[in-house]
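J.: Top to bottom, those sequences are chains U and G.
Numbering of the first sequence is given in my numbering, commencing with residue 481 and proceeding in unit increments.
Numbering of the second sequence is given in my numbering, commencing with residue 16 and proceeding in unit increments.
Idealized CB from N, CA, C, for every residue including glycine.
Structure below; questions to follow.
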Amino acid sequence: KQEVTQIPAALSVPEGENLVLNCSFTDSAIYNLQWFRQDPGKGLTSLLLIQSSQREQTSGRLNASLDKSSGRSTLYIAASQPGDSATYLCAVSGGGADGLTFGKGTHLIIQP
Amino acid sequence: ETGVTQSPTHLIKTRGQQVTLRCSSQSGHNTVSWYQQALGQGPQFIFQYYREEENGRGNFPPRFSGLQFPNYSSELNVNALELDDSALYLCASSHQRGSITGELFFGEGSRLTVL
Numbered sequence: 481k482q483e484v485t486q487i488p489a490a491l492s493v494p495e496g497e498n499l500v501l502n503c504s505f506t507d508s509a510i511y512n513l514q515w516f517r518q519d520p521g522k523g524l525t526s527l528l529l530i531q532s533s534q535r536e537q538t539s540g541r542l543n544a545s546l547d548k549s550s551g552r553s554t555l556y557i558a559a560s561q562p563g564d565s566a567t568y569l570c571a572v573s574g575g576g577a578d579g580l581t582f583g584k585g586t587h588l589i590i591q592p
Numbered sequence: 016e017t018g019v020t021q022s023p024t025h026l027i028k029t030r031g032q033q034v035t036l037r038c039s040s041q042s043g044h045n046t047v048s049w050y051q052q053a054l055g056q057g058p059q060f061i062f063q064y065y066r067e068e069e070n071g072r073g074n075f076p077p078r079f080s081g082l083q084f085p086n087y088s089s090e091l092n093v094n095a096l097e098l099d100d101s102a103l104y105l106c107a108s109s110h111q112r113g114s115i116t117g118e119l120f121f122g123e124g125s126r127l128t129v130l
């Protein structure tokens, strides 16, 4: 059974800092990995999708890496802003109809 | 191109009642899946529908059931509500090619409170 762990559970940093969020998964047989952002009480916004054959994806100030063999992914946020405050969720897919397996998320606060 | 929309946004039910939640898929998507997110937890996969049939299911009892319609919209039905069913219910749509489910796009969710 796939399990996804996200570290740290919570993080508070001053505005402008670069930061890294970590995600690990137990079964390396994944099809893809997605990073999502969730604002309080809201739905999920897809940030980045990495296929199993890829090593990284970039979108603006966000960069996600994937090391499938070691079961790890990182989300790098450059020059953090107060608007980046949210919960960030990592999820892996086996590619079939078994749905995504999510971690519990990292609650991020960027201090102005 | 419209995104994934869910209704209602909030609702309150009492234990033992039944509830129906609705979801309209993103344009061009043929697959819909439902997730339950308890407070402080990551979403948990309930089931997935493709071509109006359930083709994947998580660890949820049969009182959680669903439908997918020809226009790819969907319903989630929960019977005999329990207090632990209180959660945010998220719908996601995607495009399935062959046996592979693509990137998921989520709606804003329906917040269910069971008293």
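Taking the beta strand (DSSP E) that H587 of chain U belongs to, which residues open and close that run?
T.: As a position in the first sequence, residue 587 of chain U is number 107, starting the count at 1. Residues T586 to Q591.
J.: Can you find a CB in chain G that lies within less than 7 Å of the CB of F582 of chain U?
T.: Mapped onto the first sequence, residue 582 of chain U falls at position 102. It does; some Cβ of chain G falls within 7 Å.
J.: When the Cα of W515 of chain U is compared with those of G:L96, G:L119 and G:G31, which residue comes out closest?
T.: As a working mapping, residue 515 of chain U is identified with position 35 in the first sequence. Closest by C-alpha distance to W515 of chain U, out of G:L96, G:L119 and G:G31, is G:L119.
J.: By the three-class DSSP mapping on this structure, what secondary structure does L98 of chain G have?
T.: In the second sequence, the residue the question calls residue 98 of chain G occupies position 83. If DSSP states are grouped into helix, strand and coil, L98 of chain G belongs with the helices.
J.: Among all the DSSP beta bridges, which residues are the ones paired with A107 of chain G?
T.: Residue mapping note: residue 107 of chain G aligns to position 92 of the second sequence, counting from 1. BP columns for A107 of chain G point to G:S48 and G:F121.
J.: Within the segment 500-582 of chain U, note down every full beta strand (DSSP E) run reaching 3 residues or more, in order along the chain.
T.: 512-518, 524-531, 536-539, 542-547, 552-557, 566-573 and 580-582
J.: Would you call the segment 506-514 of chain U and the segment 557-572 of chain U in contact, with 3 or more CB pairs under 8 Å?
T.: yes
J.: In the segment 558-584 of chain U, which residues sit with their C-beta less than 8 Å from some C-beta in chain G, listed in chain order?
T.: Of all residues in the segment 558-584 of chain U, the ones placed with a Cβ closer than 8 Å to any Cβ belonging to chain G are L569, A571, S573, G575, G576, A577, D578, G579, L580, T581, F582, G583 and K584, in chain order.
J.: Indicate the three-state DSSP secondary structure (helix, strand or coil) for V493 of chain U in the structure shown.
T.: Along the first sequence, one-based indexing puts residue 493 of chain U at 13. V493 of chain U falls in the strand class under three-state DSSP.
J.: What residue from G:S89, G:V129 and G:P85 has the CA that sits closest to F62 of chain G's CA?
T.: Taking the second sequence and counting its residues from 1, one reaches residue 62 of chain G at position 47. Per the Cα distances, G:S89.
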